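**Student:**
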RNA sequence: CGCGGGGUAGAGAAAUGGCAUCUCGCAAGGCUCAUAACCUUGAGAUUGUGGGUUCGAGUCCCACCCCCGCAA
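Residue numbers (UniProt numbering): 1 to 307.
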């Protein structure tokens, strides 16, 4: 019975899977990205997976290039490599080292949303469901043959954090169910339908900026797709304001998109069609606060408009 | 030493070196058929901490603590 697993990953996404694997398998090695300068003082910060590994006394490597660790990967004679949100392309030379190959955990139902931001894409596009796909890795990103998949629903109030949590938990379950069948040869991988593949790019600053001349339903999706991190934003008088949570409100009286007004005692913004109630915001340099609190501090709402 | 904003009542914000004010909330009362409405009154503050300048500091100077945006 194959037991030795190498895990490769960087973000929190892989942690539920690790917790589960730890019980039934031997985690012989964890590979993650090097510590990077992060945060306000550019302090060297370890990736979440490293923190987890050290807490659980599992050997960690942080190569600049994973190819540098080839010998250390071979050394424990691994049976399988599991990859989840690593952040680097892994060369085929490495993928083929473990006896049963390498499996990638992806946060969408492939071939839909190949690439770096599948979770955000599913929310931003208003999809009713998404899921986890396990694939046998090949040299192209998110391209290899399918091993298993599990679909979950997206609720209308899901945001990035809640969906990320659900998907990472789902991934843990799916991996636990699938591995025994995979190593016993019970599962035959099958080619993705490459014709239907879609790609989602790495997020940029522009993706999270609100254009108020869009329908409120789209802006609401955008807000949910990017929160709580990295935050959807707009500007008021040249200052950034993050919109962390909003709610659609039927309102057609106001004309100008981006205009602030009060509806039912709460702060609202006009979009292309209806409006959005601002439930939670974060002004530049300030802590997170409710829309009502923000409204209390505003003077003369008449000349206030989001750009 | 990456760049920058901020800390004032339970919350959010004002305050040319000179009585610490406004909005919300809270409490009591009033008005109304009625309200997340309106009116009256009230409680609630060692202005982040420690020094300094000054007749006088929320405000100016020095040090420190904490929170946040950008960037990565």
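All C-beta atoms, glycine included, are put in the ideal place defined by N, C-alpha and C.
These numbers were taken from a predicted model, which means no experiment stands behind them.
Write down the C-beta distance between residue 83 and residue 104 rounded to the nearest angstrom, noting that I regard them as a contact closer than 8 Å.
**Tutor:** At roughly 5 Å, the Cβ-Cβ gap stays under 8 Å, so residue 83 and residue 104 are in contact.
**Student:** Identify which residue in 126, 218, 267 and 32 has its Cα closest to the Cα of residue 153.
**Tutor:** Out of 126, 218, 267 and 32, 126 has the C-alpha closest to the C-alpha of residue 153.
**Student:** Enumerate, from N- to C-terminal direction, the unbroken alpha helix (DSSP H) stretches of 4 or more residues contained entirely within the segment 30-68.
**Tutor:** Fully enclosed alpha helix (DSSP H) runs of 4 or longer: 48-55.
**Student:** If you run the structure through DSSP and keep just helix, strand and coil, what is residue 299?
**Tutor:** Of the three classes helix, strand and coil, the one that applies to residue 299 here is coil, per DSSP.
**Student:** Helix, strand or coil for residue 290? Go by DSSP, reduced to three states.
**Tutor:** In the structure shown, residue 290 sits in a strand (DSSP, three-state: E or B).
**Student:** First and last residue of the alpha helix (DSSP H) that includes residue 180?
**Tutor:** That run of the alpha helix (DSSP H) goes 160-183.
**Student:** Could you name the residues of the same chain whose beta carbon sits closer than 6 Å to that of residue 60, not counting the 5 residues immediately before and after it, in chain order?
**Tutor:** Result list for residue 60: 30, 50 and 53, in chain order.
**Student:** On the criterion of 16 or more Cβ atoms from any shown chain inside 10 Å, does residue 85 qualify as buried, or is it exposed?
**Tutor:** Residue 85 is buried by the Cβ-count criterion.
**Student:** For the structure I just gave you, are there three or more beta carbon pairs, one from the segment 190-198 and one from the segment 105-120, closer than 8 Å?
**Tutor:** Output reads yes: the segment 105-120 touches the segment 190-198.
**Student:** Excluding five sequence neighbours on each side, which residues of the same chain lie with their C-beta closer than 8 Å to the C-beta of residue 34?
**Tutor:** Cβ within range, chain order: 62, 63 and 64.
**Student:** Keeping to the same chain, check which residues put their C-beta closer than 7 Å to that of residue 147; ignore five residues upstream and five downstream.
**Tutor:** So the list reads 103, 134, 135, 136, 178, 182, 187 and 189, once near-sequence residues are dropped.
**Student:** Could you round the C-beta distance between residue 149 and residue 123 to whole angstroms and report it? I think they count as a contact, below 8 Å.
**Tutor:** About 19 Å; that fails the 8 Å criterion.
**Student:** Three-state secondary structure (DSSP) at residue 275?
**Tutor:** Correct three-state label for residue 275: strand.
**Student:** Thinking C-beta only, is residue 12 closer than 7 Å to residue 48?
**Tutor:** For residue 48 and residue 12, yes; Cβs fall inside 7 Å.
**Student:** The beta strand (DSSP E) with residue 132 in it runs from where to where?
**Tutor:** Looking at the DSSP string, the run of the beta strand (DSSP E) that includes residue 132 is 129-136.
**Student:** Hey, out of 58, 232, 28 and 302, whose CA is closest to residue 3's CA?
**Tutor:** Taking only the C-alpha atoms, the option nearest residue 3 is 28.
**Student:** On the DSSP bridge assignment, give the partners of residue 206 in chain order.
**Tutor:** In the DSSP output, where bridge partners are listed per residue, residue 206 has none listed.
**Student:** Hey, residue 250 and residue 274: beta-carbon distance below 7 Å or not?
**Tutor:** In this structure, residue 274 lies closer than 7 Å to residue 250 by Cβ.
**Student:** Tell me, to the nearest whole angstrom, how far the beta carbon of residue 260 is from that of residue 203; I am working on the premise that it is less than 8 Å.
**Tutor:** Going by Cβ atoms, the distance from residue 260 to residue 203 rounds to 27 Å, so no, they are not a contact pair.
**Student:** Determine the burial state of residue 307: buried for a count of at least 16 other Cβ atoms within 10 Å of its Cβ, exposed for fewer.
**Tutor:** So residue 307 counts as exposed.
**Student:** Assuming residue 243 and residue 223 are in contact, meaning their beta carbons sit under 8 Å apart, how far apart are those beta carbons, in whole angstroms?
**Tutor:** The Cβ separation is near 5 Å, so the contact holds.
**Student:** Can you tell me the Cβ-Cβ gap for residue 276 and residue 248, rounded? I've got them flagged as a contact below 8 Å.
**Tutor:** The Cβ separation is near 6 Å, so the contact holds.
**Student:** Please return the same chain residues whose Cβ sits closer than 6 Å to the Cβ of residue 161, not counting the five positions on each side in sequence.
**Tutor:** Taken in chain order, the residues that qualify are 228.
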